[in-house]
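One structure is given below, encoded as structure tokens.
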Amino acid sequence: MFSITLDSFIRIISVGILAYIGLVVFLRASGKRTLTKLNAFDLVVTVALGSTLATILLSKDVSLLEGLTAFALLILMQFAITFMAVRWNGFSKFIKSEPQLLYLDGSFLEGAMKKERINKAEILQAVRNQGTGDMEGVKAVVLETDGSLSIISGQTGDALANVKSDRKI
-8 MFSITLDSFI RIISVGILAY IGLVVFLRAS GKRTLTKLNA FDLVVTVALG STLATILLSK
52 DVSLLEGLTA FALLILMQFA ITFMAVRWNG FSKFIKSEPQ LLYLDGSFLE GAMKKERINK
112 AEILQAVRNQ GTGDMEGVKA VVLETDGSLS IISGQTGDAL ANVKSDRKI
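With the numbering used here applied, the sequence shown corresponds to residues -8 to 160, in that order.
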């Protein structure tokens, strides 16, 4: 349980280096969009790539070629999904959530917060993380499609055009 053989050590090092190089090559070839975290789907792909790398490294039952094939499949599927999402609005709406307004002009939008399972303390934390110490300077808070909170100070402008809200923006 706590020991490692020379053979397994050499396998982990050699397969690890080759799998890592393979992953870097695939990611460079597929472009920056592959590792963005613009929505939940992107996060799943990123986690799946990490899980696949761990499996390649630690499981003797998975060959390097099988692991590289899994990398290629995940990246190809992510490319296909994002390709279709950019070209067809209906498909994009099917796979992506809409950003949700949680706070506007000094008011917490309790209904939206409850629906999205976000509490006031989490919004206040996001505001503090941005370096703002007073909600008075905050115009709006939006729960983005990737699960992050965007804090808007000053004018809201057209940046809120695609944000779902129960209130008029």
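All residues carry an ideal CB built from backbone N, CA and C; glycine is no exception.
With 16 or more other Cβ atoms from the protein chains shown falling within 10 Å of its own Cβ, residue 129 counts as buried. In the DSSP annotation of this structure, the continuous segment of the alpha helix (DSSP H) that includes residue 71 starts and ends at 55 to 78. Per DSSP, residue 151 lies in no beta strand (DSSP E) and is assigned neither H nor E.
Assignment of residue 91 by DSSP, reduced to helix, strand and coil, places it in the strand class. Membership of residue 134 in the beta strand (DSSP E) is indicated by the continuous run 129 to 134.
Around the CB of residue 104, 16 or more other CB atoms lie within 10 Å, so the residue is classed as buried. Closest in C-alpha terms to residue 66, from the list 41, 81, 135 and 158, comes 41.
According to the DSSP assignment, residue 42 belongs to the alpha helix (DSSP H) that extends over 31 to 49. Following the DSSP letters along the chain, one finds residue 141 in no alpha helix (DSSP H) but inside the beta strand (DSSP E) bounded by residues 140 to 144.
The C-alpha of residue 47 lies about 37 Å from the C-alpha of residue 80. Apart from sequence neighbours up to five positions away, the residues of its chain that approach residue 6 with a beta-carbon distance below 7 Å are 47, 48 and 55, ordered along the chain. Here residue 15 is actually not in contact with residue 92; their C-beta atoms are around 39 Å apart, not less than 8 Å.
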